[in-house]
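What follows is a short report on a single structure.
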Amino acid sequence: MANSETPLLDELEKGKWPSFVKDLKQAAGKNPMARDLIHQLELSYKDRIGHWKHGGIVGVKGYGSGVIGRYSDRPDLFPNVQAFHTMRVNHPTGWFYKTDTLRKLCDIWDKHGSGLTNMHGSTGDAILLGTTTDHLQSCYDDLSNAGFDLGGSGSALRTPSACVGPARCEWACIDSLDLCYNLTMTYQDQMHRPMFPYKFKIKISACANDCVAAIARSDLSVIGTWKDDIQVDQKEVLAYASSINIQKEVCDLCPTRCMEWNGKELKIYDEDCTRCMHCINLMPKALRPGKERGASILVGGKAPIVRGALLSWVIVPFIKLEPPYDELKNLIERIQDWWDENAKSRERLGELIQRLGMRVFLKAVDLPAVPQMVKAPRTNPYVFFWPEDLKKEVK
Amino acid sequence: MSDDLKAKITELFREKSKGDKKMFYIRDVTKWLPGEDRHAIQNTVKELLDEEVLKYWSSGSSTYLILTEFFPKE
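Here the protein sequences come in this chain order: A and F. With the numbering used here applied, the first sequence has no gaps in its numbers, which climb one by one up to 618 at the end. With the numbering used here applied, the second sequence has no gaps in its numbers, which climb one by one up to 268 at the end.
Written out as structure tokens, the structure reads:
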């Protein structure tokens, strides 16, 4: 048997898990770009250095984002990946595709690019990996004719994303799909014409289970919640008592200890409930979210890049969300405007709030400090008073 | 959109691009013109992009602005 040309990559095919190397090799059978990509990647593993030069071209007329330039630093060895640009395609909200739409997308990519895709990138977009500069505009034109648009990249509003929401999930407290689509259409200019200090992400989860991890990944998280009491079916609670330990698994793990179980009845002190959904997840037949539904708005989440990771803070504990979502849009624009005016280049919203303080942020966006922003409101001086407020208090 | 502002921004790009540094953040541009309205600057820059006086240069995570004549050739 002949020696493999890619012994290091071959190692990544071993094991029980699916391997991207296997996929690459399959693609290499029909596309010279994929073939050169494998060999460049093998060289990268051998040299222990990436062989990409990144950045540059944004190449589609009228757009400043959606294309990420990539060039090989060894075009002498790998001429087919001399240019290997990525295109980010705005995914359908909730990632619902018809199969014929997916076929169309793949046909376009086979025509213009390497045929390799990343479905989906962590931003949510459908990522088309590897095309040349002269194909960028024609690929975009074909995508556009098929009903697709590019997503956000660079210092722009990134493609908003949302969980599947009411389309498939009984816990949805808001129509995450409609909201995401509405915001996407409203903020086309912010997505396609980067003018922000850095990236800005909006993610929407229709309940506190937060399936799109909005709280950890987005500058502005919209998370479905309810305002009134959890709906309880005591008969079903009793039925659960035979299969789970309600005291240990439900009551003792409630973050605010807002429940009592006496062996017959579950008592919930809703005024202390943080709407985390732990109890509802464990006893879905017995407990349901309340009837008065809306969302909490949080800001400041991000992964570590310039500075460390942050989880979002609650800034609006409850807001009713109904089309055309003017109240939310107004808030988003106030927040973006303050960030745009005050942030340093490459400073995310959460980092700016940390630098200038939550007090300054709340004043700038005209929001009151409320106890839900703080874990222990009576002891934690997280939101400081303004001197003039203190004077008022003394009088 | 004021032609004056357009000319001012273009001139500043030429001035600031005389050294090795050719790419600038939009934040740099607003800092060059502290007395001007930020939104007016951003809208003017968008016009200069439409007219291809300026070009976007994107690393994927950050976006820069560059005079078209200095945009790196492949």
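Yeah, the Cβ is synthetic: ideal placement off N, Cα and C, and Gly gets one too. This one's a predicted model, so the numbers in the text were calculated from it and none came from an experiment.
* Which value, in whole angstroms, describes the spacing of the CA atoms of ASP233/A and ASN368/A? -> Looking up residue 233/A in the first sequence gives position 10. Looking up residue 368/A in the first sequence gives position 145. Straight-line Cα distance between these residues: approximately 39 Å.
* Asked: How long is the line joining the alpha carbons of PHE214/A and VAL537/A, rounded to whole angstroms?
  -> In the structure as shown, chain A starts at 224 and stops at 618, and residue 214/A therefore has no counterpart that could be examined.
* Can you give the beta carbon distance from ILE446/A to SER345/A, rounded, assuming they're within the 8 Å contact cut? -> For the purposes of this step, residue 446/A is taken as residue 223 along the first sequence, with counting starting at 1. For the purposes of this step, residue 345/A is taken as residue 122 along the first sequence, with counting starting at 1. At roughly 18 Å, the Cβ-Cβ gap does not stay under 8 Å, so ILE446/A and SER345/A are not in contact.
* Asked: Using Cβ-Cβ distances below 9 Å, what residues of the segment 397-429 of chain A are close to chain F?
  -> ASP412, ARG416, PRO417, MET418, PHE419, PRO420, TYR421, LYS422
* To do: Pick helix, strand or coil for PRO540/A, following the three-state DSSP scheme.
  => Residue 540/A sits at position 317 when you count from the first residue of the first sequence. If DSSP states are grouped into helix, strand and coil, PRO540/A belongs with the strands.
* To do: Using alpha carbons as the reference points, say which of ASN226/A, ALA592/A, PRO315/A, ARG511/A lies closest to CYS430/A.
  => Locating residue 430/A in the first sequence gives position 207, where the first residue counts as 1. The shortest C-alpha separation from CYS430/A is found at ARG511/A.
* Please name the residues in the segment 205-233 of chain F whose beta-carbon is closer than 8 Å to at least one beta-carbon of chain A, in chain order. => TYR219, ILE220, ARG221, ASP222, ARG232
* Contacts around MET414/A, its chain only, beta-carbon distance under 6 Å, and the 5 residues preceding and following it disregarded -> On the first sequence, residue 414/A is found 191 positions in, with the first residue counted as 1. For MET414/A, where only same-chain residues beyond five positions count, the Cβ hits under 6 Å are GLY375, ALA379, LEU380.
* From this set, GLU488/A, ALA462/A, CYS474/A, GLY279/A, which residue's C-alpha is nearest CYS496/A's C-alpha? -> Position 273 of the first sequence, counting from 1, holds the residue named residue 496/A. For the residues GLU488/A, ALA462/A, CYS474/A, GLY279/A, the minimum Cα distance to CYS496/A belongs to CYS474/A.
* **SER196/F: contacting residues in chain A (beta-carbon distance under 9 Å)** => Within the second sequence, numbered from 1, the residue matching residue 196/F stands at position 2. Correct list: empty, because the minimum Cβ distance to chain A is about 18 Å.
* Asked: Hey, quick one: how far does the alpha helix (DSSP H) through HIS314/A stretch, first residue to last?
  -> Numbered from 1 along the first sequence, position 91 holds the residue referred to as residue 314/A. Careful: HIS314/A lies outside any alpha helix (DSSP H) and carries neither H nor E.
* **Interface flag, ILE555/A vs chain F, CB-CB below 8 Å** => Here residue 555/A is taken as the residue at index 332 of the first sequence, counted from 1. It does not; no Cβ of chain F falls within 8 Å.
* Asked: So which residues on chain A does LEU243/F lean against when the C-beta distance must stay under 8 Å?
  -> By 1-based counting over the second sequence, the position of residue 243/F is 49. Here the neighbours are GLY287, ARG416.
* Over what stretch of residues does the alpha helix (DSSP H) that includes HIS501/A continue unbroken? -> For the purposes of this step, residue 501/A is identified with residue 278 of the first sequence, where counting begins at 1. 501-505 is the extent of the alpha helix (DSSP H) around HIS501/A.
* Supposed contact pair LYS202/F and LEU227/F - C-beta distance, whole angstroms, cut 8 Å -> Translated into positions along the second sequence, residue 227/F becomes position 33. Translated into positions along the second sequence, residue 202/F becomes position 8. LEU227/F to LYS202/F, Cβ: 7 Å. Contact.
* Asked: DSSP three-state call for MET224/A: helix, strand or coil?
  -> Looking up residue 224/A in the first sequence gives position 1. Confidence at MET224/A is low in this model, with a pLDDT of 45, below 50, so its placement is unreliable and no value can be given for it.
* To do: Give the range of the alpha helix (DSSP H) segment to which THR204/F is assigned.
  => For the purposes of this step, residue 204/F is taken as residue 10 along the second sequence, with counting starting at 1. 197-210 is the extent of the alpha helix (DSSP H) around THR204/F.
* Asked: Using 8 Å as the limit for Cβ to Cβ distance, is GLU265/A near chain F?
  -> Here the question's residue 265/A lines up with position 42 in the first sequence. Not one chain F Cβ lies under 8 Å of GLU265/A.
* In angstroms with no decimal places, state the Cα-to-Cα distance between PHE541/A and PHE307/A. => The residue you call residue 541/A lines up with position 318 of the first sequence. The residue you call residue 307/A lines up with position 84 of the first sequence. Their backbone Cα atoms lie some 45 Å apart in a straight line.
* Comparing the C-beta of SER378/A with each C-beta of chain F, is any distance below 8 Å? -> As a first step, residue 378/A must be located in the first sequence, where it is residue number 155. It does; some Cβ of chain F falls within 8 Å.
* To do: Identify the continuous beta strand (DSSP E) that holds ASN432/A and give its terminal residues.
  => Stepping through the first sequence from its first residue, residue 432/A is reached at position 209. Careful: ASN432/A lies outside any beta strand (DSSP E) and carries neither H nor E.
* **Cβ shell of GLY523/A (< 6 Å), same chain only, five flanking positions each side left out** => Taking the first residue of the first sequence as position 1, residue 523/A is located at position 300. For GLY523/A, where only same-chain residues beyond five positions count, the Cβ hits under 6 Å are LEU533, SER535, TRP536, LEU572, GLY573, ILE576.
* Asked: Where do the ends of the beta strand (DSSP E) carrying LYS276/A lie?
  -> Within the first sequence, numbered from 1, the residue matching residue 276/A stands at position 53. Start and end: 275-277.
* **Nearest-angstrom Cα separation, counted from LEU231/A out to LYS245/A** => As a position in the first sequence, residue 245/A is number 22, starting the count at 1. As a position in the first sequence, residue 231/A is number 8, starting the count at 1. In a straight line, the C-alpha of LYS245/A is about 13 Å away from that of LEU231/A.
* VAL522/A: first and last residue of the uninterrupted beta strand (DSSP E) it sits in -> The count along the first sequence starts at 1 and reaches residue 522/A at position 299. Taken as a continuous stretch (DSSP letters only), the beta strand (DSSP E) holding VAL522/A covers 516-522.
* Asked: So, is ARG293/A buried or exposed, given that buried needs 16 or more other C-beta atoms within 10 angstroms?
  -> Reading the first sequence from its first residue, position 70 is the one you call residue 293/A. Burial call: buried.
* **Residue burial classification, TRP561/A (beta-carbon count within 10 angstroms, cutoff 16)** => To locate residue 561/A, count along the first sequence from 1; it is residue 338. The residue is buried, with at least 16 neighbouring Cβ atoms inside 10 Å.
* **Three-state secondary structure (DSSP) of TYR548/A** => Reading the first sequence from its first residue, position 325 is the one you call residue 548/A. Three-state result, TYR548/A: coil.
* Just the C-alpha distance for PHE207/F and LYS240/F, rounded to the nearest angstrom, thanks. => Here residue 207/F refers to the residue found at position 13 of the second sequence. Here residue 240/F refers to the residue found at position 46 of the second sequence. Cα to Cα, PHE207/F sits roughly 14 Å from LYS240/F.
* Within-8 Å CB hit, ARG516/A to chain F -> The residue you call residue 516/A lines up with position 293 of the first sequence. No, ARG516/A does not count as interfacial toward chain F.
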